[in-house]
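These protein sequence lines map, in sequence, to chains A and B.
Mapped onto my numbering, the consecutive letters of the first sequence carry residue numbers 14 to 217.
Mapped onto my numbering, the consecutive letters of the second sequence carry residue numbers 14 to 217.
Worksheet: the structure to be examined is printed underneath.
Number of protein chains: 2
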Amino acid sequence: MNQEPSVFIVDDDEQVRSALTLLMESVGLNSESFSSGQEYLDQFDTSKPGCLILDVRMPGISGLDLQARLSAEKIHPPIIIITGHGDVPMAVRAVTAGAVDFIEKPFNNQSMLDNVHRAIEQDAKQRGESSRLEEIESHYDELTPREKEVLLYVIEGKRNKIIASEMNISQSTVEAHRSKVMEKMAANTLSDLMRMALLLKLIT
Amino acid sequence: MNQEPSVFIVDDDEQVRSALTLLMESVGLNSESFSSGQEYLDQFDTSKPGCLILDVRMPGISGLDLQARLSAEKIHPPIIIITGHGDVPMAVRAVTAGAVDFIEKPFNNQSMLDNVHRAIEQDAKQRGESSRLEEIESHYDELTPREKEVLLYVIEGKRNKIIASEMNISQSTVEAHRSKVMEKMAANTLSDLMRMALLLKLIT
DNA sequence: ATATAAATTATTATATCTTCTAATTTTCCT
DNA sequence: AGGAAAATTAGAAGATATAATAATTTATAT
């Protein structure tokens with residue numbers, strides 16, 4: 014079920030697209046090309062693993078705009094920016110905004126491949142982490158409001174007796190909620206639960 | 014006991030140093046100037062809060078070299094790189110290596126000040142976090158080897174009985190170690206201990 | 001209004017954890 | 001060799017947590 018990663022190329026210049034496509038093929042990497050940012054936005058599928066190569070200067074949506082839009086949607090694939098006429102402020106902006114690289118054309122084929130491989134690895138790592146997070150979130154969503162409340166107390170290390178008094182309910186109720194929390198979150202131990210709470214950012 | 018932050022300026026050009034010094038004075042910021050990377054390395058004091066402004070092109074150690082050296086020493090003050098003749102690859106390298114900004118001379122005074130303020134804030138935040146970490150580390154260092162071993166099992170959520178069998182010692186011993194760990198680490202609850210273990214990176 | 005889910009409580013039995021006290025054995029440094 | 005720190009163990013009492021079962025009261029949605 015593990016999909017092969019692809020390199021998603023977004024550039025209005027047909028020459029560049031085909032050159033990159035060939036380059037990727039030469040090392041057995043899949044690629045998909047888009048001639049504009051809009052075309053990518055219309056067709057992209059976050060379930061597909063891989064990385065992006067975006068040209069800065071394009072009609073319509075620029076590579077940097079596209080980067081910003083994806084970021085706003087909380088979509089964070091590794092992005093390599095390429096440009097023919099880059100300047101320093103632009104490069105700084107792209108990298109601080111999270112681009113893994115900012116490369117000027119014409120680029121060196123081997124270093125481009127190195128960057129792509131690094132980016133693909135990073136994506137695979139991120140995907141592993143985020144699929145785990147999604148699983149935990151789906152468990153968390155199953156909790157009732159009261160159970161979530163109890164969870165917060167539990168991860169603070171409070172004892173059932175204290176939780177009961179702070180929530181003005183009986184200890185038995187706390188125990189019932191607590192055991193439901195453990196069950197629904199699929200946590201075997203308190204430390205499992207803490208780990209999950211961390212990923213859910215319930216803990217600072 | 015909270016020291017005022019300073020801006021540490023490293024540039025071989027006396028003109029630039031005095032201009033920056035005046036700029037910082039104009040908004041009430043302390044600054045210290047160094048005419049070379051070596052001079053900074055000879056005199057720097059990590060206990061002083063603030064940020065760095067490094068020129069790229071200097072005789073001897075360049076700004077980027079200095080950045081790399083500090084990084085190798087695990088010293089991570091916020092660094093603003095300035096340069097008269099920057100290029101894109103250099104900017105990308107500096108930023109990916111952790112520089113908060115890469116600014117070309119001549120720079121805009123107000124935007125420089127904005128960056129400096131941001132950098133100083135970031136430093137203050139880092140210092141708060143790292144002083145807490147140092148406290149925890151000093152506690153951790155007090156643990157005996159055996160206690161550290163038990164700690165690892167504990168944060169995995171293993172029960173005393175299991176720990177005892179895996180370590181081939183009696184449950185009583187585990188209990189003794191465990192209580193010493195809680196005491197030495199100054200942890201009131203298991204969740205406290207887990208939080209500390211996270212900061213110590215004992216947990217993935 | 002009436003099922004359904006959620007929240008509440010209690011009881012009992014068992015398992016664990018914590019704390020305290022006390023003592024013995026190992027290990028390591030000077 | 002002698003002493004200090006570390007590691008080891010035991011027992012007992014009290015506090016907590018867990019698991020299983022059962023029952024009642026609110027909410028809530030169709």
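Note that CB positions come from ideal geometry on N, CA and C, so glycine has one too.
For residue 208 of chain A and residue 169 of chain A, the gap between their C-alpha atoms comes out near 13 Å. In the displayed model, residue 63 of chain A falls within a strand according to three-state DSSP.
Beta-bridge annotation (DSSP): residue 43 of chain A is paired with A:19.
About 19 Å separates the Cβ atoms of residue 120 of chain A and residue 63 of chain A, ruling out a contact at the 8 Å cut-off.
Contact between residue 136 of chain A and residue 91 of chain A holds: CB atoms are separated by about 5 Å, below the 8 Å threshold. Residue range 101-109 is occupied by the alpha helix (DSSP H) that includes residue 109 of chain A. Boundaries of the beta strand (DSSP E) around residue 114 of chain B: 114-117. By a beta-carbon distance limit of 8 Å, residue 155 of chain B contacts residue 197 of chain B. Their separation comes to about 5 Å. Bounds of the beta strand (DSSP E) holding residue 96 of chain A are 92-96. If you ignore the 5 residues before and after residue 114 of chain A, its C-beta comes within less than 6 Å of the C-beta of 93, 128, all in its own chain and listed in chain order. Considering only B:167, B:163, B:132, B:211, the residue with the shortest C-alpha distance to residue 112 of chain B is B:132. Taking 9 Å as the cut-off, the Cβ atoms of residue 96 of chain B and residue 70 of chain B count as close.
In its chain, beyond the 5 residues on either side, 23, 25, 71, 72, 73, 74 have a beta carbon closer than 8 Å to the beta carbon of residue 49 of chain B. Within the segment 136-169 of chain A, complete alpha helix (DSSP H) segments of at least 4 residues are found at 158-168, given in chain order.
Your pair residue 116 of chain A and residue 103 of chain A does not check out as a contact, with CB atoms roughly 12 Å apart and the cut at 8 Å. Annotation for residue 53 of chain A: 23, 47 place their beta carbon closer than 6 Å to its own, counting only its chain and skipping 5 residues before and after. The CB of residue 105 of chain B comes closer than 7 Å to the CB of 104, 108, 114, 115 in chain A, given here in chain order. Take the alpha-carbon of residue 32 of chain A and the one of residue 146 of chain A: they are about 37 Å apart. The beta carbon of residue 145 of chain A sits no closer than 9 Å to any beta carbon of chain B. Going by DSSP, residue 173 of chain A is part of the alpha helix (DSSP H) stretching over 173-180.
Residue 214 of chain B and residue 152 of chain B have their C-alpha atoms roughly 14 Å apart. Residue pairing by DSSP puts residue 68 of chain B in a beta bridge opposite B:95.
When Cβ-Cβ separations below 9 Å define contact, residue 43 of chain A makes no contact with chain B. The Cβ-Cβ distance between residue 167 of chain B and residue 140 of chain B does not fall below 9 Å. Contact between residue 84 of chain B and residue 107 of chain B is ruled out by a C-beta separation of about 11 Å, above the 8 Å threshold.
Collapsing the DSSP output to three states places residue 87 of chain A in coil.
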